[in-house]
Structures are given as C-alpha cells and as structure tokens.
Amino acid sequence: MTDTTAHTDDHHAQPKGLARWILTTNHKEIGTLYLVFSLAMFIVGGAMAMIIRAELFQPGLQLVNPEFFNQMTTMHALVMIFGAVMPAFVGLANWMVPMMIGAPDMALPRMNNWSFWILPFAFLILLSTLFMPSGAPASGWTLYPPLSLQGGNSVAFVIFAIHLMGISSIMGAINIIATILNMRAPGMTLLRMPLFVWTWLITAFLLIAVMPVLAGAVTMLLTDRFFDTSFFNAAGGGDPVMYQHIFWFFGHPEVYIMILPAFGIISEIIPTFSRKRLFGYTSMVYATASIAFLSFIVWAHHMFTTGMPLGASLFFMYATMIIAVPTGIKIFNWVSTMWRGSMTFETPMLFAIAFVILFTIGGLSGVMLAIVPADFQYHDTYFVVAHFHYVLVTGAVFAIMAAAYYWLPKWTGHMYDERLGKIHFWWSTISVNVLFFPQHYLGLAGMPRRIPDYSVQFAEFNLISSIGGFAFGIAQLLFVWIVIKCVRGGQKATAGVWEGARGLEWTVPSPAPLHTFDTPPQVDDSVSAHKDQLA
Amino acid sequence: MSDESRKNRGNRRPVRHIRWTVALLAGIAALIYLGFIGRGVLG
Chain A
1 MTDTTAHTDD
11 HHAQPKGLAR
21 WILTTNHKEI
31 GTLYLVFSLA
41 MFIVGGAMAM
51 IIRAELFQPG
61 LQLVNPEFFN
71 QMTTMHALVM
81 IFGAVMPAFV
91 GLANWMVPMM
101 IGAPDMALPR
111 MNNWSFWILP
121 FAFLILLSTL
131 FMPSGAPASG
141 WTLYPPLSLQ
151 GGNSVAFVIF
161 AIHLMGISSI
171 MGAINIIATI
181 LNMRAPGMTL
191 LRMPLFVWTW
201 LITAFLLIAV
211 MPVLAGAVTM
221 LLTDRFFDTS
231 FFNAAGGGDP
241 VMYQHIFWFF
251 GHPEVYIMIL
261 PAFGIISEII
271 PTFSRKRLFG
281 YTSMVYATAS
291 IAFLSFIVWA
301 HHMFTTGMPL
311 GASLFFMYAT
321 MIIAVPTGIK
331 IFNWVSTMWR
341 GSMTFETPML
351 FAIAFVILFT
361 IGGLSGVMLA
371 IVPADFQYHD
381 TYFVVAHFHY
391 VLVTGAVFAI
401 MAAAYYWLPK
411 WTGHMYDERL
421 GKIHFWWSTI
431 SVNVLFFPQH
441 YLGLAGMPRR
451 IPDYSVQFAE
461 FNLISSIGGF
471 AFGIAQLLFV
481 WIVIKCVRGG
491 QKATAGVWEG
501 ARGLEWTVPS
511 PAPLHTFDTP
521 PQVDDSVSAH
531 KDQLA
Chain B
1 MSDESRKNRG
11 NRRPVRHIRW
21 TVALLAGIAA
31 LIYLGFIGRG
41 VLG
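If you read the sequences in order, they're chains A and B.
Those letters in the first sequence? Residues 1 to 535, by our numbering.
Those letters in the second sequence? Residues 1 to 43, by our numbering.
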C-alpha cells in the first residue's frame, strides 16, 4: 500500500540570492548567517574599542567628548556580548550540533530562522540610538539605575532591543535542547556526546533560566522610566541595589554562557591535535554542570562594595572561590590530554593552547577579585577590565577563532592558508597581551574604569595598552581576509580534514552537503569522539 | 512499534516529544520572567 503521507521536498525550487538566506530553514545556512552576523558585529564593536583606546592613548581629552566616550564603553560591551560572542557560539552550535549527534537538522527549523532574523533588527534598533538627539545609552552595559533612568528616550529603544535579543536567545536555547534531547542518532548516548554538545546543552539551560531575569529587570527599568513606577527609584520607595541583585543574577550565569561553549570547543580541538582521546571525559561533563550550578550562587561578588552583611559577603566570596575547583579540573584534563600526545601545532591548536594559558590568567585574577577586602581596592578599576578581557577575549574570542580555523575546512571544503593563520595567531597573541596585561597594573595603581581622562601617572601603561589595542585590531582584519580567502578557494579539504579528528562531523564530505544524516548513522565507540565511559 | 523500528529510531523521539520539550521550556522561561516582575510588584 502506498503511504500517502510520505513527503519529499525535492520538487520544491530552492530559492536563490537574498531569498535563500531570508527563507532558509537549514541549520548549516542559519549557522553561516549567525557567524557572518557575529563577525560584522565584532568589527563594529572593535571599531568602538579603537575609539576608546585612541582617546586613552594619552591623558587629557583629545578626540571625543566624555558623553560620547561613555556611550562607546556601553555600546562596545552590548555589541560584543550580545552581537559578537553569543551569536558566534549559536552559529557554531547550529552548524555543528546536528552533525555531531547525527541529526538531519535542528528540531525546530522555522523557529531557528526566526531566532536569527530577529537579531539584525535588534541591533539596528540598538545602533540607531547613536544617531538620536539624546545619544546612545551611556550608563554602562549594566544599565544601573538611577544613572540609566537619567538618559534620554533612547533607553526605551535599548530596552526593546534587549528584549528582542532575549527572545532570540531563548528560542535558540529551546531549539538546541529539543534537538539534543530528542534527535540523537542510534547509539549516541548522552555520555557518548562530544563535549561541545554537552557544554551547549548546559549553556542552553542557563540561557532559559537567566534571559527572562534580564528581561524582567529591564522591563521594570522601562516602567520606572516611562510609567512612573518605583521598582528601583528610592524616592518612590524602590531600591536601586535590588536592580543590581537582579541584574547580576542574570549577569554572572551570562559570563558562563559565554565561556562554557568555549570549553567545549577546546575539548574538541586539543584531543584532535594531541591524537588522543580527551582525558577525563566524564569529569569534564560533571565539571561543566558544577560550574553552571555554582554560577547561580555567586552573583553578589559583583557588588561587594554596595555594603552587604558580612555573612553574605563571606558566602559569596567562598562560593566564588569554589568555582576554581571544577575549572581547575578542566585545565588539568586539557593538559593531561596533551601529555605524551603526538602533538602538532596547526592554527586551531595554537589558539587552543593560548586559551588554556591565558584564560587561566583571567581565572586567577578572578580569584583575586573574589577576595572581599581586596575587592574593595580593585572594584571599578582597570584591574577588573583586565580580568574580564582575559576571560572574554583570550577566553571566549580565542576559542571562537580556534573553532573557526578548526571547522572552516568542513564548512567551505577548502583548507585555510596555514601560514597566514599562524601569522594571525602570533600577531593576536602578542598584541592582546600588550593590550590587556598593563591594565592589571593600571588597576592596581587605582585607575578607575569608564573614564575618558586620567592622571599623568597612568600615561605610560595606557600608551602601551593602546598600541597593543591598535595592533590587535589590525590583526583581526587579517582574520577576515583569511576567512574570505578560504571561502573563495584553496587546497581541497578531505572528509576527515585533521589526522586525529574523531566524531560524526568528520564522516561527511567537506564541504558538508546541505542535508546530512537523513538516514541516522549507527554510533559506537569507534566513531564517537569520546570513549563511552560507562562501557 | 516493532522491535526493529524501535532499534532504528535510536534516540530520535517522536514529534510530540519535541512539542512537549518546547512547551515545558517556554513555560519555564515565561514563569521566571513573570515571577521576577511579580516579586517586584509585591515589593
């Protein structure tokens, strides 16, 4: 008997040109859209960073007025966090998660399209505030009241943009969880999943838990600003410190949203170029889950100086320090994976090794900041700026770079230019340290963050930092060129691409065809990226 | 479902599982959003 419900899409004409990208429901094409959007935002946010560093090149006010400087620090953070880093990881998840678990696509392809296409409009709204009479928001990305409520009407646009980004993130997270829990290939048990899939599964739960918290906080900010409520307005009986608590209840897990997928990427790359399976796979999974749990009980370490009871300060201090334990487990496992491995140092591996070393520097300065009495000195200084840029640039961004080099041959079917890749790596790694390491000293010496002018004793380190900043900025233009060159052509990539690569994504041809795993593959230990620890 | 088709399905779940997953997660997100604002309204 003929099955009349059987359906094939082969007879549909594939849209061409712009319509292809607007209407696509294919996870690979949507992944590409996310990655291209992220790269564009990385350049926009980077241009803002260049303005900041140019103004700080020497003491005094040179290039921009203080109001515009404050707008730049605020917008740089918002664009980099919500426009560059998060969409880059979502793009990588879109491309790789279905292929890694042997699924034909994401569970909800149309919602996937919608998740992406909200983003360009959200950022058009956000960036449009730069051209409004009251200017862009200038209160820092945290939008603390009462300062954020004293801005112009552009705050409404910013809050609307944040709501859109939140909706996009929540839909993306739901899609990823639904895909991983429901669409794995036969044999792909939870403890056979690649670490990148595990870290994204946990990250997606974090997103669902905290993006509504941010949305709630900014909704209350909106009603305080435009509808005369007093959630955070002390004059009306509200509490501005309550905003800080709510914001950081979102904000700290947000930090882990931006670093857990990076841990996953590094856990894919180091075994490949060490030609060994990942050391301590199961402990990696539990460490990731532990970090995610702890991220919910450390938020007030961002606000020690608001004057908390001593008991609360001690709790948040110790809870924060405990995060060093699962993070240390990860560092140990990466180093142990490399130990006695047959290592080679292609560009993805170079970025991965730099990640392990430089992210650890950011982690250690985080432990310093967790110490309550010490934080009274460090709080709101350049030491904090140095800390989170080590975590987010040499951490998250370096992992994204490593992932781009690692998977570019799979995406494009061409090998990237290894010589240029290595130049990009060394140029970036040297300049990023010239850029951010002196900021530790500036902070320890007492230079506050978010100021356009400073005392002359800070001049030398700021000059060095700015030179590093310009060099790092130029290095990223080289990265854009390497990507364009790889897309346009180059040496043909094989299906396996890397000698030591394991996992389902390396069993399909390069470039990966538009549709993969329509028939589910059978997964066992021989093709799984990680040995089944329960076997 | 026969044993053979169950084996071939592997970990891939029926569509209704996806619907329930989405409904549950979206519901949790909505509850958190409204819960925080509700707590703010109560003061």
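Virtual Cβ for every residue (Gly too), placed ideally from N, Cα, C.
Computed from a predicted model, the values in this text were never measured in an experiment.
Inset, instruction - Less than 8 Å between the CB atoms is what I'm expecting for A:N94 and A:G31, so what's the real figure, rounded? - result: Mapped onto the first sequence, residue 94 of chain A falls at position 94. Mapped onto the first sequence, residue 31 of chain A falls at position 31. Contact flag correct, Cβ pair sits at about 3 Å.
Legend entry - Exposed unless 16 or more other CB atoms sit within 10 angstroms - verdict on A:I76: On the first sequence, position 76 is the one that residue 76 of chain A refers to. Checking the displayed sequence, the identity of residue 76 of chain A turns out to be His instead of Ile. Result: buried.
Legend entry - Nonlocal neighbours in the same chain, by C-beta distance under 8 Å from A:F376, ignoring five residues either side: The sequence position of residue 376 of chain A within the first sequence is 376, counting from 1. Answer for A:F376: F304 and T305, listed in chain order.
Inset, instruction - Tell me the start and end of each unbroken alpha helix (DSSP H) in the region 447-524 of chain A that is at least 4 residues and wholly inside, in chain order. - result: 459-488
Inset, instruction - Answer yes or no: do A:F479 and A:A404 have a C-beta to C-beta separation smaller than 9 Å? - result: Against the first sequence, residue 479 of chain A aligns to sequence position 479. Against the first sequence, residue 404 of chain A aligns to sequence position 404. Yes, these two residues count as a Cβ contact at 9 Å.
Legend entry - Residues that A:T179 bridges to, as DSSP identifies them: One-based indexing of the first sequence puts residue 179 of chain A at position 179. Note: A:T179 sits in no beta bridge, so no partner.
Legend entry - Outcome for A:V213 when other beta-carbon atoms lying within 10 angstroms are tallied against a minimum of 16: Translated into the one-based positions of the first sequence, residue 213 of chain A becomes position 213. Classification for A:V213: buried.
Inset, instruction - Pull up the distance between the alpha-carbon of B:M1 and that of A:A47, whole angstroms please. - result: The residue you call residue 1 of chain B lines up with position 1 of the second sequence. The residue you call residue 47 of chain A lines up with position 47 of the first sequence. Note that B:M1 scores a pLDDT of 49, beneath 50, so its modelled location is shaky and nothing firm can be said.
Inset, instruction - Give me the Cα-Cα distance between B:V41 and A:T507, rounded to the nearest whole angstrom. - result: Within the second sequence, numbered from 1, the residue matching residue 41 of chain B stands at position 41. Within the first sequence, numbered from 1, the residue matching residue 507 of chain A stands at position 507. Distance between the alpha carbons of B:V41 and A:T507 is about 54 Å.
Inset, instruction - For A:S481, count neighbouring C-beta atoms within 10 Å of its own C-beta (all shown protein chains included) and say buried if the count is 16 or more, exposed if not. - result: Here residue 481 of chain A refers to the residue found at position 481 of the first sequence. Checking the sequence, you will find Trp at residue 481 of chain A rather than Ser. The residue is exposed, with fewer than 16 neighbouring Cβ atoms inside 10 Å.
Legend entry - Three-state secondary structure (DSSP) of A:H414: In the first sequence, residue 414 of chain A corresponds to position 414, counting from 1. Correct three-state label for A:H414: strand.
Inset, instruction - Closer than 7 Å, Cβ to Cβ, to anything on chain B: give me those residues from the region 155-182 of chain A, in chain order. - result: I170, I174, I177, A178, L181 and N182
Legend entry - Minimum Cβ-Cβ distance from A:V44 to chain B less than 9 Å: The count along the first sequence starts at 1 and reaches residue 44 of chain A at position 44. With 9 Å as the cut-off, A:V44 does not count as an interface residue toward chain B.
Legend entry - 9 Å Cβ cutoff met for A:A88 and A:I297: As a position in the first sequence, residue 88 of chain A is number 88, starting the count at 1. As a position in the first sequence, residue 297 of chain A is number 297, starting the count at 1. It is not a contact, given that the beta carbons lie outside the stated cut-off.
Legend entry - C-beta neighbour in chain B for A:V213, strict 9 Å: Against the first sequence, residue 213 of chain A aligns to sequence position 213. So, interface residue.
Inset, instruction - Kindly confirm or deny that the region 194-208 of chain A and the region 164-178 of chain A touch, where touching means at least three C-beta pairs closer than 8 Å. - result: yes
Legend entry - Beta-carbon proximity of A:V183 to A:A107, cut-off 9 Å: Within the first sequence, the letter at position 183 stands for residue 183 of chain A. Within the first sequence, the letter at position 107 stands for residue 107 of chain A. A small correction: the amino acid at residue 183 of chain A is Met; Val does not occupy that position in the sequence shown. Yes. Within cutoff.
Inset, instruction - Give me the Cα-Cα distance between A:G503 and A:D417, rounded to the nearest whole angstrom. - result: The residue given as residue 503 of chain A occupies position 503 in the first sequence. The residue given as residue 417 of chain A occupies position 417 in the first sequence. A:G503 and A:D417: Cα-Cα distance of roughly 24 Å.
Inset, instruction - Would you kindly work out how many angstroms separate the C-alpha atoms of A:I81 and A:W200, rounded to a whole number? - result: Counting from one through the first sequence, the residue named residue 81 of chain A turns up at place 81. Counting from one through the first sequence, the residue named residue 200 of chain A turns up at place 200. Each residue's Cα considered, the two are about 17 Å apart.
Inset, instruction - Please name the residue, chosen from A:K16, A:I451, A:W407 and A:M86, that lies closest to A:L39 on a Cα-to-Cα basis. - result: For this step, residue 39 of chain A is matched to residue 39 along the first sequence. With distances taken between Cα atoms, A:L39 lies closest to A:M86.
Inset, instruction - Determine whether the Cβ of A:D525 lies closer than 9 Å to any Cβ atom of chain B. - result: Walking along the first sequence from the start, residue 525 of chain A turns up at place 525. Chain B, which has no Cβ nearer than 9 Å to the Cβ of A:D525, makes this no.
Legend entry - chain B within 9 Å of A:I323, Cβ atoms only: Counting from 1 along the first sequence, the entry for residue 323 of chain A is found at position 323. No - not a single Cβ of chain B is within 9 Å of the one on A:I323.
Inset, instruction - Find the residues of chain B that neighbour A:L108, judging by a C-beta separation of less than 8 Å, and give them in chain order. - result: Within the first sequence, numbered from 1, the residue matching residue 108 of chain A stands at position 108. Neighbours of A:L108 on chain B, chain order: I18 and V22.
Legend entry - Member of A:V325, A:Y318, A:L358 and A:K276 whose CA lies at the smallest distance from the CA of A:W339: For the purposes of this step, residue 339 of chain A is taken as residue 339 along the first sequence, with counting starting at 1. The residue with the shortest Cα to Cα distance from A:W339 is A:K276.
Legend entry - Length of the line joining the Cα atoms of A:L221 and A:R450: Walking along the first sequence from the start, residue 221 of chain A turns up at place 221. Walking along the first sequence from the start, residue 450 of chain A turns up at place 450. So the two alpha carbons sit approximately 22 Å from each other.
Inset, instruction - Leaving out five residues on either side along the sequence, give the residues of the same chain with a beta carbon under 8 Å from the beta carbon of A:Q476. - result: Along the first sequence, one-based indexing puts residue 476 of chain A at 476. Cβ neighbours of A:Q476 beyond the five flanking positions: F42, I43, G46 and S428.
Legend entry - Neighbour flag for A:I208 against chain B, beta carbons, 9 Å: The count along the first sequence starts at 1 and reaches residue 208 of chain A at position 208. So, interface residue.
Legend entry - A:I22 to A:W117 span [Cα, whole Å]: Sequence index remark: in the first sequence, residue 22 of chain A carries index 22 (1-based). Sequence index remark: in the first sequence, residue 117 of chain A carries index 117 (1-based). Their backbone Cα atoms lie some 8 Å apart in a straight line.
Legend entry - A:S267 versus A:G328 - alpha carbon distance: Position 267 of the first sequence holds residue 267 of chain A. Position 328 of the first sequence holds residue 328 of chain A. Straight-line Cα distance between these residues: approximately 14 Å.
Inset, instruction - Could you tell me which of A:T412, A:L364, A:I371 and A:P452 sits nearest to A:G389, measuring between CA atoms? - result: As a first step, residue 389 of chain A is located in the first sequence; it is residue number 389 there, counting from the start. As written in the sequence, residue 389 of chain A is His, which differs from the Gly given in the question. It is A:L364.
Inset, instruction - Mind checking which residues open and close the alpha helix (DSSP H) that includes A:N113? - result: Position 113 of the first sequence, counted from the start, is the residue given in the question as residue 113 of chain A. P109 to S128 is the span of the alpha helix (DSSP H), which, as asked, contains A:N113.
Legend entry - Beta-carbon spacing of A:S465, A:K492 below 9 Å: For the purposes of this step, residue 465 of chain A is taken as the residue at position 465 of the first sequence. For the purposes of this step, residue 492 of chain A is taken as the residue at position 492 of the first sequence. Not in contact: A:S465 and A:K492 (Cβ atoms no closer than 9 Å).
Inset, instruction - Could you confirm whether any beta carbon from chain B is found closer than 9 Å to the beta carbon of A:F351? - result: Residue mapping note: residue 351 of chain A aligns to position 351 of the first sequence, counting from 1. Taking Cβ atoms only, chain B never reaches closer than 9 Å to A:F351, which makes this a no.
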